[in-house]
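Heads up, the thing below is written out as structure tokens.
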Amino acid sequence: MEPLYVQLADSIARQIEEGVYPPGSRIPSVRRLREQHEVSVTTAVEACRLLESRGLVRSRPRSGFFVERSRPEVLEPAVPAHSTRARRLDAALSLRLNLGIGNPQRPTLGAAVQGTELMAITTVNRLLSQAMRLQPTVCHSYDAPPGSPELRRAVAQHGLDAGYSVSPDDVVITSGAKEAVYLSIRAVTRPGDTVAIESPAYYALLEVLASLDRKVIEVPSHPRRGIDLDVLGKVVSRQRVAAVAIVSNFSNPSGSCMTDAHKKALVDLLDAHDVPLVEDDVYGDLAFDGSRPKAVKAFDTRGTVLYCGSFSKTVSPGMRIGWAVPGRYQYEFEHLKLVVNQASPTAPQLALAALVEGGGFDRHLRRVRRLYAEQMERMIDAVDGAFPDGTRHTDPRGGHVLWVQVPGLDSLALYERAAAEGIHIAPGPLFSASGGFRDHLRLNTGFPWTDHIASQVETLGRLVAETLDGPSS
Ligand SMILES: Cc1ncc(COP(=O)(O)O)c(C=O)c1O
Numbered sequence: 433m434e435p436l437y438v439q440l441a442d443s444i445a446r447q448i449e450e451g452v453y454p455p456g457s458r459i460p461s462v463r464r465l466r467e468q469h470e471v472s473v474t475t476a477v478e479a480c481r482l483l484e485s486r487g488l489v490r491s492r493p494r495s496g497f498f499v500e501r502s503r504p505e506v507l508e509p510a511v512p513a514h515s516t517r518a519r520r521l522d523a524a525l526s527l528r529l530n531l532g533i534g535n536p537q538r539p540t541l542g543a544a545v546q547g548t549e550l551m552a553i554t555t556v557n558r559l560l561s562q563a564m565r566l567q568p569t570v571c572h573s574y575d576a577p578p579g580s581p582e583l584r585r586a587v588a589q590h591g592l593d594a595g596y597s598v599s600p601d602d603v604v605i606t607s608g609a610k611e612a613v614y615l616s617i618r619a620v621t622r623p624g625d626t627v628a629i630e631s632p633a634y635y636a637l638l639e640v641l642a643s644l645d646r647k648v649i650e651v652p653s654h655p656r657r658g659i660d661l662d663v664l665g666k667v668v669s670r671q672r673v674a675a676v677a678i679v680s681n682f683s684n685p686s687g688s689c690m691t692d693a694h695k696k697a698l699v700d701l702l703d704a705h706d707v708p709l710v711e712d713d714v715y716g717d718l719a720f721d722g723s724r725p726k727a728v729k730a731f732d733t734r735g736t737v738l739y740c741g742s743f744s745k746t747v748s749p750g751m752r753i754g755w756a757v758p759g760r761y762q763y764e765f766e767h768l769k770l771v772v773n774q775a776s777p778t779a780p781q782l783a784l785a786a787l788v789e790g791g792g793f794d795r796h797l798r799r800v801r802r803l804y805a806e807q808m809e810r811m812i813d814a815v816d817g818a819f820p821d822g823t824r825h826t827d828p829r830g831g832h833v834l835w836v837q838v839p840g841l842d843s844l845a846l847y848e849r850a851a852a853e854g855i856h857i858a859p860g861p862l863f864s865a866s867g868g869f870r871d872h873l874r875l876n877t878g879f880p881w882t883d884h885i886a887s888q889v890e891t892l893g894r895l896v897a898e899t900l901d902g903p904s905s
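Using our numbering, read the sequence shown as starting at 433 and increasing by one per residue.
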């Protein structure tokens, strides 16, 4: 039996669906709910909060809870039908582009970074100085590759939220997810090997594969469901693929989030062909409705998923702390970590362990998820208002990137025009090994909404129209 507040929330949700409370209207006040349903104030408030976290209502200070406006059916970006041939990569494009990452005080639409308001700066600072004060020797000495026992324990606890149950001994701390992905690829593949990736793909993964001389096959990915398993199935049965690499939840740039069934089917498929999976799950904690999606790792029974997580997207990218659960490749992984940089800095590890174990991490997540949801909504509204008819975009349920397609657009030309006006965007080809997605762009929604961002999107809409009209206009 569900708790009372969940039952109450479900019954109001049904009434919203049936039109009893239309979009924009106010649902009964807490006092009214208490009287109507004979429940306590706490139960009524919790029911309203649950509805809010599901995105059905929104609270307005001193006015109550209002039903969210429903969004017109979203026109999603198109999905290519086939995989590409295996090819060597040239990742030079990413080095040429400026995504505006330089100044954390200045919102950028280009890089997938968040505003400092969405980090846990004050708390982490306090915990950092606490670690330095209480454990000065540990903080200043060399650590060994698996990382701090405290943080590995905290990560193992956190893993339960993502549906995987491991011991602290199964966790290796890294300098961000980027290093975890890099070491994972190195642990399971050799130069010249082929790695299958989702398409579009996180561009830093393309850089990793290029720098390690791995070839890639791009497998189409759906903007909601993620990597196409039919196509991937054909790829892995046709040729030797040394590994598959994906971002499983709220992928970058597509925002896709694989269902549990899809995740399980992926594990089954890869196990049948003996192919390891490098799973990057840096956005999984940022589900707008608070329901943390499972990791693919949750379905891994043979230790063939190398899971990569991070505190960058949730707490602080500057701490450079991530982790891996490399499964049966742990020995190779730890050895590579030792070779590359011995271990990650100790004080940030201790501070983040204290943040997770003290409950501050979960509290922080509850706060920022709502902000991310709001920022995404504002961005979608702004793009819908400013971009030409025919524009398609995703409707992500978590994370902070929006993937936009404007049929006919040359996004590299748009990039130049926008940069000249001080606006950074990430053009589509950045996310492809084969120059694809020329008419796509990725917009970052990691900053609290301001008039400045609104005017940047408006200017971008004008520049998109001008770019479509050709160079002479
Ligand atoms: C999908 C994905 N993985 C990894 C990273 C980098 O993570 P970290 O800062 O932990 O290295 C990013 C940052 O944008 C990302 O989008």
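Beta carbons are placed, not taken as given, at the ideal position from N, Cα and C, and that holds for glycine. All values derive from a computational prediction rather than experimental measurement.
Report yes if the CB atom of G542 is closer than 9 Å to the CB atom of I812, and no otherwise.
-> As a first step, residue 542 must be located in the sequence shown, where it is residue number 110. As a first step, residue 812 must be located in the sequence shown, where it is residue number 380. Their beta carbons are not under 9 Å apart, which means G542 does not touch I812 by this criterion.
Local Cβ density within 10 Å of Q537, reported as buried at 16 or more and exposed below that = Against the sequence shown, residue 537 aligns to sequence position 105. So Q537 counts as exposed.
Cutoff 8 Å; reference T548; Cβ partners in own chain excluding five residues on either side | As a first step, residue 548 is located in the sequence shown; it is residue number 116 there, counting from the start. Once the five neighbours on either side are set aside, the close Cβ partners of T548 are P536 and Q537.
Considering only residues of the same chain and omitting the five flanking positions on each side of P880, which have a CB-CB separation below 7 Å?
-> As a first step, residue 880 must be located in the sequence shown, where it is residue number 448. The answer, listed in chain order, is G547, E549, L803 and Q807.
Nearest CA to the CA of P780: which residue from I459, G579, R494 and C480?
-> Counting from 1 along the sequence shown, the entry for residue 780 is found at position 348. The residue with the shortest Cα to Cα distance from P780 is G579.
Look up D601 in the DSSP assignment and say whether it is helix, strand or coil.
-> By 1-based counting over the sequence shown, the position of residue 601 is 169. Of the three classes helix, strand and coil, the one that applies to D601 here is helix, per DSSP.
Is the beta carbon of C689 less than 9 Å from the beta carbon of V710?
-> Within the sequence shown, residue 689 is the residue found at index 257, counting from 1. Within the sequence shown, residue 710 is the residue found at index 278, counting from 1. No.
Can you tell me the Cα-Cα spacing of G800 and R670, whole angstroms?
-> Residue mapping note: residue 800 aligns to position 368 of the sequence shown, counting from 1. Residue mapping note: residue 670 aligns to position 238 of the sequence shown, counting from 1. Residue 800 is actually Val in this sequence, not Gly. Between V800 and R670, the C-alpha separation is close to 44 Å.
Between the C-alpha atoms of I753 and A476, what's the straight-line distance to the nearest angstrom?
-> Against the sequence shown, residue 753 aligns to sequence position 321. Against the sequence shown, residue 476 aligns to sequence position 44. Answer to the nearest angstrom: the Cα atoms are 39 Å apart.
Residue interval of the alpha helix (DSSP H) (run including T899) | Walking along the sequence shown from the start, residue 899 turns up at place 467. It spans D883 to D901 - the alpha helix (DSSP H) in which T899 sits, taken as one unbroken run.
With respect to 8 Å, is the separation between the Cβ of P526 and the closest non-hydrogen atom of ligand 1 below this value?
-> As a position in the sequence shown, residue 526 is number 94, starting the count at 1. The amino acid at residue 526 is misidentified as Pro; the sequence shows Ser. No, Cβ of S526 sits at least 8 Å from all heavy atoms of ligand 1.
Who does P859 pair with in a DSSP beta bridge?
-> Locating residue 859 in the sequence shown gives position 427, counting from the first residue. For P859, which the question treats as bridged, DSSP gives the partners L873.
With respect to 8 Å, is the separation between the Cβ of K729 and the closest non-hydrogen atom of ligand 1 below this value?
-> Looking up residue 729 in the sequence shown gives position 297. Checking the Cβ of K729 against ligand 1 gives no.
C-beta contact flag for E639 and A523 at 9 Å = As a working note, residue 639 is residue 207 in the sequence shown. As a working note, residue 523 is residue 91 in the sequence shown. Cβ distance < 9 Å, so E639 and A523 count as in contact.
Grab the span of the beta strand (DSSP E) containing H654 for me, first residue to last.
-> Residue numbering aside, residue 654 sits at position 222 when the sequence shown is read from its first letter. Residues K647 to H654.
Same chain only: Cβ atoms within 7 Å of T540, ignoring 5 sequence neighbours per side = In the sequence shown, residue 540 corresponds to position 108, counting from 1. Here the set comprises L531, G532, I533, H856 and N876.
Could you please give the first and the last residue of the uninterrupted alpha helix (DSSP H) stretch that includes A704?
-> Along the sequence shown, read from residue 1 onward, the residue named residue 704 stands at position 272. First-last of the alpha helix (DSSP H) with A704: D692 to A704.
Segment limits, beta strand (DSSP E) that includes T626 = Against the sequence shown, residue 626 aligns to sequence position 194. Element bounds for T626: T626 to S631.
Ranges of the alpha helix (DSSP H) found wholly within the segment 499-536, counting only runs of at least 4 | 524-528
With distances taken between CB atoms, is the gap from K729 to Y596 smaller than 9 Å?
-> If you number the sequence shown from 1, residue 729 lands on position 297. If you number the sequence shown from 1, residue 596 lands on position 164. For K729 and Y596, yes; Cβs fall inside 9 Å.
Cβ-heavy atom distance between N684 and ligand 1 below 8 Å?
-> Looking up residue 684 in the sequence shown gives position 252. True, at least one ligand heavy atom lies under 8 Å from that Cβ.
Residue span of the alpha helix (DSSP H) that contains L770, given as start and end | For the purposes of this step, residue 770 is taken as the residue at position 338 of the sequence shown. Looking at the DSSP string, the run of the alpha helix (DSSP H) that includes L770 is Q762 to N773.
Using the Cα positions of R734 and E848, report the straight-line distance between them to the nearest angstrom.
-> Here the question's residue 734 lines up with position 302 in the sequence shown. Here the question's residue 848 lines up with position 416 in the sequence shown. The straight-line gap from Cα to Cα measures roughly 48 Å.
Can you name the start and end residues of the alpha helix (DSSP H) that D794 belongs to?
-> Stepping through the sequence shown from its first residue, residue 794 is reached at position 362. G792 to A818 is the extent of the alpha helix (DSSP H) around D794.
Between A586 and A785, which are expected to be in contact by the criterion C-beta below 8 Å, what is the C-beta distance as a whole number of angstroms?
-> Translated into the one-based positions of the sequence shown, residue 586 becomes position 154. Translated into the one-based positions of the sequence shown, residue 785 becomes position 353. Right, the Cβ-Cβ distance comes to about 4 Å (below 8 Å), so this counts as a contact.
Please determine if the segment 598-611 and the segment 681-698 are in contact, where contact requires at least 3 C-beta pairs separated by less than 8 Å.
-> no
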